[in-house]
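The block underneath contains the structure these notes are about, expressed in structure tokens.
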Amino acid sequence: MKPPRKPAAAQTTRRRWVGILLALALVAAVQLGSAGDLSGPFLDTRLHVDYDNALFSFMARNGLRNGEARSQWGVTVNDYVAWGERAGPPRYYTDHPFLVKAAFQQFARLAGTGEASSRTFYLIVSLSAAAGLFTLLLQTTRAITPALVGALALVSLPVFSKFQTCVKFELDGMLLAVWLLAALAWFERDRGRGRLAVVAGLVVGCVLAHWTSLLVAGFVGLALLLEAWRRPGRARWLAFGVPAAAGAGALVVLASLMAWLQGSWQGAWHALVLASARRAGVASFTWSQWLGRQGTYAVDNFGVPFLAAIGIVAVALVALSVRRGRVGSSTTREAQPWALGVAMFALTAAALVWLLAFRQGSYVHSFWQLPLTLPAALLVGIAVAAARQDRRWSLAALVGAAALVAQLNVAGIAARREAAAARLGTPADVEFLASLRDDRSSRLVYVPVARHPLDEWFQGPLFEYYTDRPVVVAQPGWRPRPDDRVLLLRYKDRDTVVGDVGIRLGARLVDERCGARLCAYSVIPR
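Numbering follows numbering that gives the first Met the number 0, in which position 56 of the sequence shown is assigned residue number 55; successive positions increment by one, without gaps.
See below:
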């Protein structure tokens with residue numbers, strides 16, 4: 000007797016799940032192929048590729064050493080006089096929400112605080128963000144191909160590829176924001192209480208993760224409010240009210256955590272005001288200079304072919320929408336187009352607010368444009384989905400998208416290689432820094448003697464990560480403290496150079512210890 004045949008629906012579901020898993024595996028493979036070395040040393044925090052990895056690995060190490068409850072949030076800063084020998088009470092970095100940083104510290108509890116730990120954790124974060132975009136497109140287009148193309152575009156973009164293993168707050172926000180939007184699309188298809196609870200929970204995560212995801216949650220709330228206003232009913236008002244209440248509660252929790260860590264509400268507010276003023280400052284540049292800088296960053300971060308492609312796609316989609324009469328509201332609109340429109344609006348608006356509200360930050364840092372990668376990649380997926388409705392355009396769209404993703408992948412790998420080639424530090428320099436761990440000093444002071452390319456290297460938290468102590472650069476007229484440790488470049492005639500520097504500083508430099516390019520000295524005042 001022949002076994003009964005499986006129902007066609009079950010076979011279709013099985014094939015669909017196989018297709019989804021294969022698509023996600025392909026996205027992961029492309030991302031891993033461009034991730035680079037996860038275990039190499041942090042060689043140049045000046046470039047911001049290793050900056051946050053060194054900084055938050057240092058903070059995680061501090062928190063794990065301290066052990067107290069207030070130090071378990073991934074934002075602990077300790078002062079030291081030797082490796083592991085703390086001096087004074089801890090401080091806390093609360094310029095941003097820190098949910099994912101707290102999760103990283105707990106990950107480091109198991110995986111350690113070596114270089115590979117932070118890179119691995121953030122590779123998981125960025126891959127999860129790509130999976131969230133895939134899920135959002137899958138929920139809204141009901142097709143695997145547009146979801147796959149959108150996710151591949153995201154992980155191949157040069158700016159995403161360059162920073163995908165970096166401990167960036169922007170990646171925290173992208174992770175929570177895209178999953179909130181995917182959950183919103185899921186909820187729109189079936190407005191059950193359980194699904195609404197998931198949406199509300201992700202709103203809480205967005206508020207606690209980063210300002211960009213908080214903005215996305217706010218714009219989602221605005222869309223839900225307008226929807227309830229236009230189409231009133233108990234279900235619509237609940238769909239707005241429950242996430243809004245959850246977000247308000249999360250804001251209270253976030254403010255309370257910041258106040259607890261800073262010791263008072265005033266301390267938390269003061270830290271936020273200082274950080275906001277610093278990142279929003281515009282005194283050093285004009286609007287035209289800022290716009291020019293954004294254009295330069297956009298070319299580097301996305302590439303001219305991609306910018307041209309999404310410009311054409313955006314115009315084509317608007318024209319198609321006008322032709323089909325989909326501009327504005329429709330009483331017969333489906334849940335998927337509405338959720339997709341909300342996603343595009345929320346992601347784009349949040350990214351633009353992030354750029355415009357903190358113009359000093361976006362002027363100085365190219366990675367400030369990271370949140371723009373989500374709406375850009377989403378637009379690619381939407382274009383492929385729209386082309387599927389017309390056989391004449393479907394194949395052309397797929398071929399064009401595949402070529403675009405391939406070009407982006409090559410550009411993304413090149414961006415990482417360029418960043419690696421621009422590093423000023425070497426593994427030998429890091430080994431020398433690590434050899435100074437047990438020396439007693441509150442800080443290291445680099446003294447420039449003559450202009451040298453390596454002078455720029457002495458920025459960022461590289462030294463705290465490897466020695467537990469910071470480096471400052473000596474300014475004209477600076478005088479060393481007895482507990483300073485002086486750093487000089489290793490000159491061939493260094494006896495003469497060290498003597499001249501000592502006379503200029505009014506001190507004797509003793510206990511010389513040298514690496515391949517640097518030497519360290521203790522200070523004895525004359």
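Backbone N, C-alpha and C define an ideal beta-carbon position, used for all residues, glycine too.
Nothing here was measured: the structure is a model prediction, and the numbers come from that model.
Enclosing beta strand (DSSP E) for Tyr-79 [first to last residue]
The sequence position of residue 79 within the sequence shown is 80, counting from 1. Looking at the DSSP string, the run of the beta strand (DSSP E) that includes Tyr-79 is 79 to 81.
Would a C-beta distance cut-off of 8 angstroms place Ala-150 and Leu-175 closer than the cut-off?
Mapped onto the sequence shown, residue 150 falls at position 151. Mapped onto the sequence shown, residue 175 falls at position 176. Leu-175 is positioned such that its CB atom lies no closer than 8 angstroms to that of Ala-150.
If you measure between the beta carbons of Leu-369 and Val-158, is that distance less than 8 angstroms?
As a working mapping, residue 369 is identified with position 370 in the sequence shown. As a working mapping, residue 158 is identified with position 159 in the sequence shown. Yes.
Do Leu-423 and Arg-45 have their beta-carbon atoms positioned less than 8 angstroms apart in this structure?
Counting from one through the sequence shown, the residue named residue 45 turns up at place 46. Counting from one through the sequence shown, the residue named residue 423 turns up at place 424. Yes; because the gap between Cβ atoms is below 8 angstroms, this pair is in contact.
Of the choices Asp-483, Ala-427, Leu-153, whose alpha-carbon is the least far from that of Val-444?
Translated into the one-based positions of the sequence shown, residue 444 becomes position 445. Among Asp-483, Ala-427, Leu-153, the Cα nearest to that of Val-444 is on Asp-483.
Residue environment, Ala-267, which counts as buried when at least 16 other CB atoms sit within 10 Å:
The residue labelled residue 267 in the question sits at position 268 within the sequence shown. With a threshold of 16 other beta carbon atoms within 10 Å, Ala-267 meets it and is buried.
Tell me which same chain residues have a C-beta within less than 7 angstroms of the C-beta of Val-358, skipping the five on either side of it?
Along the sequence shown, read from residue 1 onward, the residue named residue 358 stands at position 359. The identity of residue 358 in the sequence shown is Arg, whereas the question assumes Val. Correct list, in chain order: Ala-279, Val-281, Trp-289.
Do you know offhand how far Gly-246's Cα is from Ser-441's?
Translated into positions along the sequence shown, residue 246 becomes position 247. Translated into positions along the sequence shown, residue 441 becomes position 442. Taking the straight line from one Cα to the other gives about 42 angstroms.
Applying the 10 Å Cβ sphere with the 16-neighbour rule, what's the burial state of Leu-25?
Locating residue 25 in the sequence shown gives position 26, where the first residue counts as 1. The residue in question, Leu-25, is exposed, as its Cβ has fewer than 16 Cβ neighbours within 10 Å.
At what residue ranges does the stretch 156 to 199 contain a whole run of the alpha helix (DSSP H), taking only runs of 4 or more?
Here the runs fully enclosed are 157 to 162, 168 to 188.
Counting along the chain, where does the alpha helix (DSSP H) carrying Ala-449 start and finish?
As a first step, residue 449 must be located in the sequence shown, where it is residue number 450. Unbroken run through Ala-449: none, as it is neither H nor E.
Leaving out the 5 sequence neighbours to the left and right, which residues in its chain are closer than 6 angstroms to Cys-513 when beta-carbon positions are compared?
If you number the sequence shown from 1, residue 513 lands on position 514. Spatial neighbours of Cys-513 in its own chain (CB-CB distance under 6 angstroms, excluding positions within 5 residues in sequence) are listed in chain order as Arg-489.
By the DSSP assignment, the alpha helix (DSSP H) with Leu-223 in it spans what residues?
Within the sequence shown, the letter at position 224 stands for residue 223. Counting along the chain, the alpha helix (DSSP H) containing Leu-223 begins and ends at 210 to 229.
Identify the continuous beta strand (DSSP E) that holds Leu-517 and give its terminal residues.
Here residue 517 refers to the residue found at position 518 when the sequence shown is read from its first residue. Start and end: 517 to 524.
Pairing CB atoms from the stretch 388 to 404 with CB atoms from the stretch 12 to 21, are three or more of them under 8 angstroms?
Contact between the stretch 388 to 404 and the stretch 12 to 21 is absent, because fewer than three Cβ pairs lie under 8 angstroms.
Can you check DSSP and say which residues form a bridge with Glu-84?
Along the sequence shown, read from residue 1 onward, the residue named residue 84 stands at position 85. DSSP output for Glu-84 lists Ala-81 as bridge partner(s).
Taking contact to mean at least 3 C-beta pairs separated by less than 8 angstroms, is the stretch 168 to 182 in contact with the stretch 88 to 105?
With the cut-off at 8 angstroms, the stretch 168 to 182 and the stretch 88 to 105 touch.
Residues in its own chain within less than 6 angstroms of Ala-222 by CB, not counting five upstream and five downstream?
Taking the sequence shown and counting its residues from 1, one reaches residue 222 at position 223. Annotation for Ala-222: Val-341 place their beta carbon closer than 6 angstroms to its own, counting only its chain and skipping 5 residues before and after.
From Arg-507 to Thr-372, what distance separates their C-alpha atoms?
Position 508 of the sequence shown, counted from the first residue, corresponds to residue 507. Position 373 of the sequence shown, counted from the first residue, corresponds to residue 372. One C-alpha to the other measures close to 54 angstroms.
Find out if the Cβ-Cβ distance for the pair Ala-107, Ala-34 is shorter than 8 angstroms.
Here residue 107 refers to the residue found at position 108 when the sequence shown is read from its first residue. Here residue 34 refers to the residue found at position 35 when the sequence shown is read from its first residue. No, the pair does not count as a contact, with Cβ atoms beyond the cut-off.
Look up Arg-480 in the DSSP assignment and say whether it is helix, strand or coil.
Mapped onto the sequence shown, residue 480 falls at position 481. Note: Arg-480 maps to coil in three-state DSSP.
Classification of Thr-112 by the beta-carbon crowding that lies within 10 angstroms, buried from 16 upward
Start at 1 with the first residue of the sequence shown, and residue 112 comes out as number 113. Taking a 10 Å sphere around the C-beta of Thr-112, we find 16 or more other C-beta atoms and assign the residue as buried.
For the structure I just gave you, are there three or more beta carbon pairs, one from the stretch 428 to 440 and one from the stretch 79 to 86, closer than 8 angstroms?
Yes, the stretch 428 to 440 is in contact with the stretch 79 to 86.
Minimum C-alpha distance to Thr-347 - residue among Ala-254, Ala-270, Thr-425, Thr-211
Indexing the sequence shown from 1 puts residue 347 at position 348. When C-alpha distances from Thr-347 are compared across Ala-254, Ala-270, Thr-425, Thr-211, the shortest belongs to Thr-211.
Take Trp-526 as the anchor and find which of Gly-501, Pro-524, Gly-172 has the nearest alpha-carbon.
The question about residue 526 has no answer here: the residues shown for the chain are numbered 0 through 525.
Residue range of the beta strand (DSSP E) that includes Arg-108:
The count along the sequence shown starts at 1 and reaches residue 108 at position 109. Bounds of any beta strand (DSSP E) do not take in Arg-108; it lies within the alpha helix (DSSP H) bounded by 98 to 110.
Mind checking whether Arg-387 and Ala-142 have CB atoms under 8 angstroms apart?
Along the sequence shown, one-based indexing puts residue 387 at 388. Along the sequence shown, one-based indexing puts residue 142 at 143. Yes; because the gap between Cβ atoms is below 8 angstroms, this pair is in contact.
With distances taken from CA atoms, which of Leu-432, Ala-249, Ala-338 is nearest Leu-486?
If you number the sequence shown from 1, residue 486 lands on position 487. For Leu-486, the nearest C-alpha among the options comes from Leu-432.
Nearest-angstrom Cα distance between Arg-480 and Ser-155?
Your numbering for residue 480 matches position 481 in the sequence shown. Your numbering for residue 155 matches position 156 in the sequence shown. For the pair Arg-480 and Ser-155, the Cα-to-Cα distance works out to about 49 angstroms.
For the putative contact between Ser-604 and Arg-415, defined by C-beta atoms under 8 angstroms, what is the C-beta separation to the nearest angstrom?
Beyond the ends of the chain as shown, which are 0 and 525, falls residue 604; an answer cannot be given.
Since I believe Asn-300 is in contact with Ser-255 (beta carbons under 8 angstroms), could you give me their beta-carbon distance rounded to a whole number of angstroms?
For this step, residue 255 is matched to residue 256 along the sequence shown. For this step, residue 300 is matched to residue 301 along the sequence shown. Beta-carbon to beta-carbon, Ser-255 and Asn-300 are separated by about 36 angstroms, too far to satisfy the 8 angstroms threshold.
Where Thr-330 sits in the DSSP three-state scheme
Walking along the sequence shown from the start, residue 330 turns up at place 331. In this predicted model, Thr-330 has a pLDDT of only 38, less than 50, meaning its place in the structure is not dependable; the value taken from the coordinates is given anyway. The answer is coil: DSSP assigns Thr-330 none of H, G, I, E or B.
Buried/exposed call for Val-446, threshold 16 Cβ in 10 Å
As a first step, residue 446 is located in the sequence shown; it is residue number 447 there, counting from the start. Flag for Val-446 reads buried.
So, with DSSP's three-state summary, where would you put Glu-511?
Numbered from 1 along the sequence shown, position 512 holds the residue referred to as residue 511. In the three-state DSSP reduction, Glu-511 falls in the strand class (E or B).
Look up Leu-37 in the DSSP assignment and say whether it is helix, strand or coil.
By 1-based counting over the sequence shown, the position of residue 37 is 38. In the structure shown, Leu-37 sits in coil (DSSP, three-state: anything other than H, G, I, E or B).
Is the CB-CB distance between Leu-378 and Val-429 below 8 angstroms?
In the sequence shown, residue 378 corresponds to position 379, counting from 1. In the sequence shown, residue 429 corresponds to position 430, counting from 1. In this structure, Leu-378 lies away from Val-429, with their beta-carbon atoms at least 8 angstroms apart.
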